[in-house]
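Q: Residue numbers (my numbering), protein chains in the order written: chain A, 61 to 393; chain B, 8 to 287.
Backbone N, C-alpha and C fix where the C-beta goes; we use that ideal spot for every residue, glycine too.
Nothing here was measured: the structure is a model prediction, and the numbers come from that model.
Let me give you the structure first, and then I'll get to my questions.
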């Protein structure tokens, strides 16, 4: 319908403007207050460059995690699915750690994201397999499988870190900080690589978003409407794992973005993925940049800052519990 | 002319378990066929195989002369055949109209949006299924019967030549049971829509299906004009319970009446007298 299509365009333009505004504000706010004039005068080599990189990473990763949430929720037909909850982020973390500890990550800028992607995809497939009971994917089975597989990946990660040699563990010097998730990035080529992958992934997912509308009806009804279900599932598992994986490779485990943002957007815009998916990408970028600004400034008085993953988890945990309780009231199956 | 659907020695099931065993069945265009049988006799699985979502381990399924699993893509199948499944649960709050519009998907270009023409078709389908007044309600909010009719409207919006249904009246009240089947009958007579429906209620099958297929343990045990298939002996043997078949005086169609066994049970009146005796 043309009206629906117009509404989608308006939504995307409006969210784009919000993103520009929020990003601009975020650049001028930080642990240390630098007057805007001075900030601009010092140029990209100074604080401005660092903050721009950080805001850019927030945009990229916020969009990636939100879209990964939209994808997993639709393909698994589970409104509570999300990379962090499904253990996919932990799997990606394990993959990234293996890439670092084996030393392969110094070979090419792509090894780290690729390792995280491989970890994410394998975890996703394992969780889906474990949770499948008689051809169905019950909500609670999926959540349990995600928690358990995520915990195992987390333990393996810790095992690798504690047994690694001093030299290689220095490569993981900020492992705890990284596990909590943060948007500090020193390697601009990693930022560029991540941005490229995410842009491609979000664009492809947007183009294919109509298929997600059919997937939420269930595999068989989707097939009856002419969808090649198995192929669609594989494409979206790969896309979702790729978006979650490269995000983890760039900035560690940032939880619940893929839950909060898609649900809020669904409440406002409805469940049609052709609007929901691109809108969630933009809103996720807004959300993570804003959350990171809070993380940078809330403890500024004591000259320190929080990892952004702490902020998103503090917001997302209660959100998750509220959704879980609401679901139980409706249908627990 | 090619048959609408033609199953040739179809065997299929799940993993190693065979649920349908060597079934051959030819359905001509314009047929209105009922599929009945005890629970677990393979009716739903047969529909799955016929609809292109469960490839048979042996045998072939042809839709309008072409092999569903070899010659046709899922989209090509969906343009001529639609399915109303039993109990589809949706957790995402699409409106009824959005859901019905999804029935247009196989006719849209790969990345196209629904046109005004598609919306008109969806609205006509909603009118057919008597759910026009629910158009803006979330599908998660409507009753089981309303949801069942919304999925029927979605299947009609596909503009199929062949419609497969799995117990389409299971959640409906008396009015909508008769209304739904009358509607299918009208589409069948008026537009030549081929209808194959699993029927739980033998009397509804008797009223509406020209032809009835009875299944048991994965095989067809009777197939023919409904009047010849719904016999006292046949049904008693198939369901393991006695029935009495008479004629509906209003329509002249067969009518199946249950005859429960009560041998050896005390009559209700006797019990009440016994109770009274003890109280005294």
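Does residue 288 (chain A) come within less than 8 Å of chain B when only Cβ atoms are used?
A: yes
Q: For residue 208 (chain B), does the three-state DSSP call read helix, strand or coil?
A: coil
Q: Which residues, taken in chain order from the region 119–140 of chain A, show a beta carbon closer than 9 Å to some beta carbon of chain B?
A: 133, 134, 137, 138 and 139
Q: Can residue 101 (chain B) and residue 281 (chain A) be called in contact, C-beta distance under 8 Å?
A: no
Q: Using only alpha-carbon positions, find the residue among B:32, B:47 and B:46 that is nearest to residue 40 (chain B).
A: B:32
Q: My understanding is that residue 67 (chain B) touches residue 27 (chain B), with C-beta atoms under 8 Å, so please give their C-beta distance in whole angstroms.
A: About 13 Å separates the two Cβ atoms, so there is no contact after all.
Q: The beta strand (DSSP E) spanning residue 281 (chain A) covers which residue range?
A: Note, residue 281 (chain A): premise wrong, no beta strand (DSSP E); alpha helix (DSSP H) at 279–284.
Q: In angstroms with no decimal places, state the Cα-to-Cα distance between residue 222 (chain A) and residue 160 (chain A).
A: 14 Å
Q: Beta-carbon separation of residue 158 (chain A) and residue 303 (chain A) under 8 Å?
A: no
Q: Using a cut-off of 7 Å between C-beta atoms, extract the partners of residue 215 (chain B) located in chain A.
A: Ordered by position in chain A, no residue passes the 7 Å Cβ test against residue 215 (chain B), which lies about 23 Å from the chain.
Q: Count the other CB atoms within 10 Å of the CB of residue 97 (chain A); is the residue buried (16 or more) or exposed (fewer)?
A: exposed
Q: Under 8 Å, do residue 186 (chain B) and residue 160 (chain B) count as touching if we go by C-beta distance?
A: no
Q: Does the Cβ of residue 352 (chain A) have 16 or more other Cβ atoms within 10 Å, making it buried, or fewer, making it exposed?
A: buried
Q: So, does the CB of residue 109 (chain B) fall closer than 8 Å to a CB anywhere in chain A?
A: yes
Q: Check each candidate in A:298, A:384 and A:254 and name the one with the smallest Cα separation from residue 178 (chain A).
A: A:298
Q: For a test of the three-state rule: what should DSSP assign to residue 285 (chain B), helix, strand or coil?
A: Because the pLDDT of residue 285 (chain B) is 48, which lies under 50, any placement of that residue in the model is unreliable, and the number read from its coordinates should be weighed accordingly. The answer is helix: DSSP assigns residue 285 (chain B) an H, G or I state.
Q: Identify the contact partners of residue 136 (chain B) in chain A, using a Cβ-Cβ distance below 9 Å as the criterion.
A: Those do not exist, as residue 136 (chain B) stays about 16 Å from chain A at its closest Cβ, beyond 9 Å.
Q: Exposed or buried, residue 19 (chain B), counting other C-beta atoms within 10 Å across all chains shown (16 or more means buried)?
A: Buried.
Q: Within 10 angstroms of the Cβ of residue 150 (chain B), are there 16 or more other Cβ atoms? Answer buried if so, exposed if not.
A: exposed
Q: Grouping DSSP H, G and I as helix and E and B as strand, with all else coil, what is residue 29 (chain B)?
A: strand
Q: Assuming residue 75 (chain A) contacts residue 342 (chain A) under a Cβ cut-off of 8 Å, what Cβ separation, rounded to an integer in Å, is found between them?
A: Taking a contact as a CB-CB distance under 8 Å, the pair residue 75 (chain A) and residue 342 (chain A) counts as one, their CB atoms being some 4 Å apart.
Q: Comparing C-alpha positions only, which one of B:264, B:90, B:80 and B:248 sits nearest to residue 173 (chain B)?
A: B:90
Q: Looking at chain A, is there any beta carbon in it that lies within less than 8 Å of the beta carbon of residue 84 (chain B)?
A: yes
Q: Nearest chain B C-beta to residue 392 (chain A) closer than 8 Å, yes or no?
A: Caution is warranted here: a pLDDT of 35 is assigned to residue 392 (chain A), below 50, making its placement in the model unreliable, and no coordinate value can be reported.
Q: Considering only residues of the same chain and omitting the five flanking positions on each side of residue 88 (chain A), which have a CB-CB separation below 6 Å?
A: 96
Q: Strictly below 7 Å CB to CB, what residues from chain A border residue 105 (chain B)?
A: 332
Q: Just to confirm, is the Cβ distance from residue 243 (chain A) to residue 377 (chain A) under 8 Å?
A: no
Q: Considering only C-alpha positions, which residue in the set A:350, A:213 and A:277 is nearest to residue 99 (chain B)?
A: Its Cα nearest to that of residue 99 (chain B), the residue A:277 stands out among A:350, A:213 and A:277.
Q: Helix, strand or coil: which one does DSSP assign to residue 1 (chain B)?
A: The displayed coordinates of chain B run from 8 to 287. Any statement about residue 1 (chain B) would go beyond what the structure contains.
Q: Could you give the C-beta distance for residue 151 (chain A) and residue 180 (chain A), rounded to a whole number, given that I count them as a contact under 8 Å?
A: Right, the Cβ-Cβ distance comes to about 5 Å (below 8 Å), so this counts as a contact.
Q: Per DSSP, which one or two residues make a beta bridge with residue 219 (chain B)?
A: B:41 and B:231
Q: Step through the CB atoms of chain B and report whether any lies within less than 8 Å of the CB of residue 365 (chain A).
A: no
Q: Measuring straight from C-alpha to C-alpha, what distance separates residue 75 (chain B) and residue 140 (chain B)?
A: 37 Å
Q: Assign residue 66 (chain A) to one of three DSSP states: helix, strand, or coil.
A: helix
Q: Would you kindly check if the distance between the Cβ of residue 275 (chain A) and the Cβ of residue 135 (chain A) is under 8 Å?
A: yes
Q: Are there 16 or more other CB atoms within 10 angstroms of the CB of residue 21 (chain B), so buried, or fewer, so exposed?
A: exposed
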